[in-house]
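Asker:
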Ligand SMILES: NC(=O)C1=CN([C@@H]2O[C@H](COP(=O)(O)OP(=O)(O)OC[C@H]3O[C@@H](n4cnc5c(N)ncnc54)[C@H](OP(=O)(O)O)[C@@H]3O)[C@@H](O)[C@H]2O)C=CC1
Ligand SMILES: N[C@@H](CC=O)C(=O)O
């Protein structure tokens, strides 16, 4: 309603403050400041824990136990509020003390009789709101604000014979119109929760129904807005304690709010929405602790961008659910079967939260609160005793330990693929869905999962909320040398760019050969290597896997940027725990064929990926090309190439006249070589690449099957790396001479590897004629010739930098991103 204030049209607002906003004098002062001097109506809950204490006093009295302490606690709390906020209001103090006297008398009656009917219980529970409303009225009057206290049980009339109660709108409207006759000038403080029943006695709307009271008054007062003040700044897309990326929602439609409230989200009491929806009165949910902060608006029509931006608005979950199934061939086609099942449950006061019936009618499945499972099972077994004995019903299945997760959003309606968006991430993470329903409004999708999967499922579905969905990838990196450190740089550089494309990358762990460092996002650290060195945690692949297990994310990736056999041998353990593996390390793919097959088998079984594009030719797209060619039906006959960046560089320099060792040391400094350059010189690095390629084209080749030419001087083959680096210079002449002889009249030399589909494999120095494609190579370039059924006459050629930290780290990065696709 808009009230005319002189020439101005004034908004009329109804506020509602919850118990936590009124829990002590400081909080009530804050409420007084929020209300200010503008005339409005304010509905209040009982202060702090008052209602629970009143309930406790009744329980104690019923057990004939002493409730003095509880009453003393209540008395002290309220008297201290009165003396702090409205000390000179003697009437208020007297009224309160007389209420306490009456309360004690009622509790004595209960204790003596051992009886407390609903009517008496509701009457007693209503004291809390009367006291808080009177105290807030006193506090406002104390500040000179024109305020009147309204006992809702004098103006709000209900029928409380059934739950939920029904409001007598006509009678209440008349009473409200009469009572609130000075709205232009006065603020009214109204008790929430309570009303008058058809017997003329003070009753309640229902437990936790102060929100509902405020909606009723907002409707009766034709308010232009209802503001519900609570202790959090609005509604969140999920419980932020479970889903770290949960965001505060700016807008919700009435129907979204209704579904979220029904399925357990702490939005507002579900009954609150209907009267507001009917009148088109917006609801705003705000924090009384941060009144300036924007809250959540609940309105009829969402603005278009809001609607398009989110497929899922909010996620709720109800833990401790039992799944029940009434199942048997004898219920197929029996009319009224479902009605019988649910009327038995109704009679046993078991509320059903979700129903799904198979189209064959063979079973009726439903979810209830786990604490009601025994009662429901007994009632159904009793009712269907004859059917169970005849075998028409197999038996009543009941299993606890489930959680029910509901995704809600107007965006889910009539949206092809919406259901898939919710359930696919669960399938990817191997979370079994035990029951599923989509609300007939299509606005909600509910899945029932095992309780232990609840938090992960919530996180995974939450990642699907946005349009398009956010892909989250968490990375653990082992080995922070040349490639590892460059990868960290590239991830840092691209993190924000990818974020805008809805890809969230987080580096959650790094490990060297001695230390392990874990954190939420190490890409935010500027001194990562120092922190790793200073870490208290020892390097340990098991501890790393355990840490990754504790993170809720669909895509967890282990990146191995070492040249360690030990780490390569641990891949199966990571894969078996649902962790993808990406690596430039060639050791895994060149272990025995058995290990090679096992890796792939474990990855398949656990629905994860093992990616290693950089095993051959660094960042060049060789492995993926071979895969595509073969998947599309090509047959690879032979692969030949210069596969070593280091040897390519050395031979290119030697071909131009530079000395061998000088070229080797330059390659080492440029980061082209293996951690131990003898791995390159010995031909073993190229041999590994050839084995890897052979296996890619389906040839079962072992490393020992490759014919290898070793360029490392014999006396430097088994010493330490340091000694090798010290002594290699003395072999320069001999090596340069050796190559000169090999070159003879040839145009150039290169170290070439080749493998055929019949398993012939060799790596050696090749003397090249002028028209050989390898003669044109430069720097650390690699060149690969693929001869296949389709590329028979002229091979497919892939060429480019075949070593170096930048291109290799980029190849690893590409593999990581490919996982999220
Ligand atoms: N350089 C290149 O151009 C290319 C390299 N590759 C491959 O990439 C891998 C890394 O190469 P690169 O970065 O050049 O080598 P680096 O020697 O620069 O880095 C390797 C890192 O691994 C660490 N490390 C070794 N063993 C372990 C272990 N058991 N646990 C944890 N960390 C360990 C070392 O650190 P520390 O021992 O000090 O802890 C070192 O920092 C190699 O497998 C290589 O074959 C692939 C394609 C191209
Ligand atoms: N040392 C290797 C690095 C890439 O695998 C090379 O030089 O090719």
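Residue numbers (the numbering used here): 22 to 842.
Don't be surprised by glycine CBs; every beta carbon is placed ideally from N, CA and C.
Residue 581: beta carbon under 7 Å from a heavy atom of ligand 2?
Answerer: No, the Cβ of residue 581 stays beyond 7 Å of every heavy atom of ligand 2.
Asker: How do the region 814-821 and the region 632-652 stand: do at least 3 beta-carbon pairs fall below 8 Å, yes or no?
Answerer: As far as the Cβ criterion goes, the region 814-821 touches the region 632-652, which means the pair count is three or higher.
Asker: Smallest Cα separation from residue 110: which of 261, 65, 156 and 126?
Answerer: Comparing Cα-Cα distances from residue 110 to each of 261, 65, 156 and 126, the minimum goes to 156.
Asker: Within the continuous alpha helix (DSSP H) that includes residue 539, where are the two ends?
Answerer: No alpha helix (DSSP H) holds residue 539; the beta strand (DSSP E) holding it covers 536-539.
Asker: So the alpha helix (DSSP H) residue 715 belongs to, where does it begin and stop?
Answerer: Counting along the chain, the alpha helix (DSSP H) containing residue 715 begins and ends at 705-717.
Asker: Alpha carbon to alpha carbon, what distance is there between residue 289 and residue 40?
Answerer: One C-alpha to the other measures close to 14 Å.
Asker: In its own chain, which residues sit with a C-beta less than 6 Å from the C-beta of residue 29, not counting the 5 before and 5 after it?
Answerer: Bear in mind that the predicted position of residue 29 carries a pLDDT of just 37, short of 50, making it unreliable; the figure below should be weighed with that in mind. Around residue 29: no qualifying Cβ.
Asker: So, using beta-carbon positions, are residue 303 and residue 240 closer together than 8 Å?
Answerer: Cβ atoms of residue 303 and residue 240: not closer than 8 Å.
Asker: Does DSSP classify residue 525 as helix, strand or coil?
Answerer: Strand at residue 525.
Asker: Compare the C-alpha of residue 494 against each of 629, 209, 503 and 528 and name the closest.
Answerer: Checked all of 629, 209, 503 and 528; the closest Cα to residue 494 is 528.
Asker: For ligand 2, is there a heavy atom less than 7 Å away from the beta-carbon of residue 739?
Answerer: Checking every heavy atom of ligand 2 against the Cβ of residue 739, none is found closer than 7 Å.
Asker: Rounded to whole angstroms, how far is the Cβ of residue 558 from the Cβ of residue 538, which I believe are closer than 8 Å?
Answerer: With 8 Å as the limit, residue 558 and residue 538 qualify as a contact, their Cβ atoms being about 7 Å apart.
Asker: If I follow the unbroken beta strand (DSSP E) through residue 470, where does it start and stop?
Answerer: Run containing residue 470: 465-471, per the beta strand (DSSP E) assignment.
Asker: Smallest Cα separation from residue 345: which of 297, 98, 54 and 399?
Answerer: Selected option, being the one with the closest Cα: 399.
Asker: Mind checking whether the beta-carbon of residue 695 lies closer than 7 Å to any heavy atom of ligand 1?
Answerer: Yes, ligand 1 has a heavy atom inside 7 Å of this Cβ.
Asker: Cβ of residue 824 versus every heavy atom of ligand 4: is any distance shorter than 7 Å?
Answerer: Absent from the structure shown: ligand 4. Ligands present: ligand 1 and ligand 2.
Asker: Can you grab the Cα-Cα spacing for the pair residue 688 / residue 671, in whole Å?
Answerer: Cα to Cα, residue 688 sits roughly 7 Å from residue 671.
Asker: Go to residue 340, then tell me how far its beta strand (DSSP E) extends in each direction, as first and last residue.
Answerer: Residue 340 -> beta strand (DSSP E) spans 335-348.
Asker: How about residue 167 and residue 212: are their beta carbons less than 8 Å apart?
Answerer: The answer is no: Cβ separation not under 8 Å.
Asker: Please report the Cβ distance between residue 498 and residue 582, rounded to the nearest whole angstrom; I am assuming they are in contact, meaning their Cβ atoms lie under 8 Å.
Answerer: 6 Å between Cβ atoms; contact.
Asker: If you draw a straight line from the alpha carbon of residue 142 to that of residue 85, how long is it in whole angstroms?
Answerer: Computed Cα separation, rounded: 16 Å.
Asker: Report yes if the CB atom of residue 401 is closer than 8 Å to the CB atom of residue 417, and no otherwise.
Answerer: In contact: residue 401 and residue 417 (Cβ atoms closer than 8 Å).
Asker: Taking its Cβ as the centre, do 16 or more other Cβ atoms sit within 10 Å of residue 520, making it buried, or is it exposed?
Answerer: By the 10 Å Cβ count, residue 520 comes out exposed.
Asker: Looking at residue 535 and ligand 1, is the gap between the Cβ and the nearest heavy atom below 7 Å?
Answerer: Residue 535 Cβ: within cutoff of ligand 1.
Asker: Contact defined as beta carbons within less than 8 Å: I believe residue 270 pairs with residue 430. What is the distance between those atoms, to the nearest angstrom?
Answerer: Not a contact, Cβ separation roughly 10 Å.
Asker: Does DSSP put residue 835 in a helix, in a strand, or in coil?
Answerer: In the structure shown, residue 835 sits in a helix (DSSP, three-state: H, G or I).
Asker: When burial is assigned at 16 or more other CB atoms within 10 Å of the CB, is residue 61 buried or exposed?
Answerer: Classification for residue 61: buried.
Asker: Would you say residue 664 and residue 710 are within 8 Å of each other, going by their C-beta atoms?
Answerer: Yes, the Cβ-Cβ distance between residue 664 and residue 710 is below 8 Å.
Asker: What I want to know is whether the C-beta of residue 829 ends up closer than 7 Å to one or more non-hydrogen atoms of ligand 1.
Answerer: Because some heavy atom of ligand 1 lies under 7 Å away, the Cβ of residue 829 counts as near it: yes.
Asker: Answer with buried or exposed for residue 261, where buried requires no fewer than 16 other C-beta atoms within 10 angstroms of its C-beta.
Answerer: So residue 261 ends up on the exposed side.
Asker: Shorter than 7 Å, the distance from the beta carbon of residue 424 to the closest heavy atom of ligand 1, or not?
Answerer: Not under cutoff, so the answer is no.
Asker: Near residue 280, which residues of its chain fall below 8 Å by C-beta distance, leaving aside the five closest residues on each side in sequence?
Answerer: Counting only Cβ-Cβ distances below 8 Å, and skipping sequence neighbours, we find 427, 429, 460, 462, 464 and 465.
Asker: State the DSSP-derived secondary structure class of residue 845, mapped to helix, strand or coil.
Answerer: With the chain running from 22 to 842 in the structure shown, residue 845 is simply not present.
Asker: Does the distance from the C-beta atom of residue 231 to that of residue 66 stay below 8 Å?
Answerer: Contact: yes.
Asker: For residue 352, collect the residues of the same chain with a Cβ closer than 6 Å to its Cβ; drop the 5 residues on either side in sequence, then sort them by chain order.
Answerer: Taken in chain order, the residues that qualify are 358.
Asker: So, for residue 407: in the same chain, excluding its five sequence neighbours on each side, which residues have a beta-carbon less than 8 Å away from its beta-carbon?
Answerer: None.
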